[in-house]
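Below: the structure, in C-alpha cells.
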Amino acid sequence: MIEQGRSSQDLKWLENYFKEGGNKMAETYINELKSKLDARKKEILSQLNEEYNKILKSRFEDLESVKRNILKEVQNI
C-alpha cells in the first residue's frame with residue numbers, strides 16, 4: 780500500500796517501474812511459450828515425417844510386389 784505524503788512524481792516513478800517490469804515479465808513469458816511451441820512443432824513435424832516415410836515405404840513395397848507378380852505372369856505366357 781502506498782503511504783500518504785508521497786509526491787505525484789514518486790507515484791509516477793513507481794507506476795512506470797511496475798509497468799516496465801510487467802512488460803519484461805510478459806516478454807519472458809512469451810519467449811518461454813514460443814520456445815515450448817517451437818519444440819512441440821518440431822516434435823510434431825518429426826512424427827509426421829516419420830509416418831509419411833512409413834507410408835511411402837509401404838506403397839513402394841506394394842508396387843514392388845505388383846511388379847514381381849506381373850513379371851511372373853509375363854514369363855508364364
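Sequential numbering from 780 applies to the sequence shown in my numbering.
Glycine included, C-beta positions come from ideal geometry on N, C-alpha and C.
Q | C-alpha distance - residue 803 paired with residue 794, whole-angstrom precision | A | 14 Å
Q. Taking the alpha-carbon positions, what's the residue 797 to residue 823 distance?
A. 38 Å
Q) Given residue 845, which residues of its chain have a CB within under 8 Å of its CB, disregarding the five upstream and five downstream residues? A) none
(Q) Please state the DSSP three-state secondary structure of residue 849. (A) Three-state DSSP puts residue 849 in a helix.
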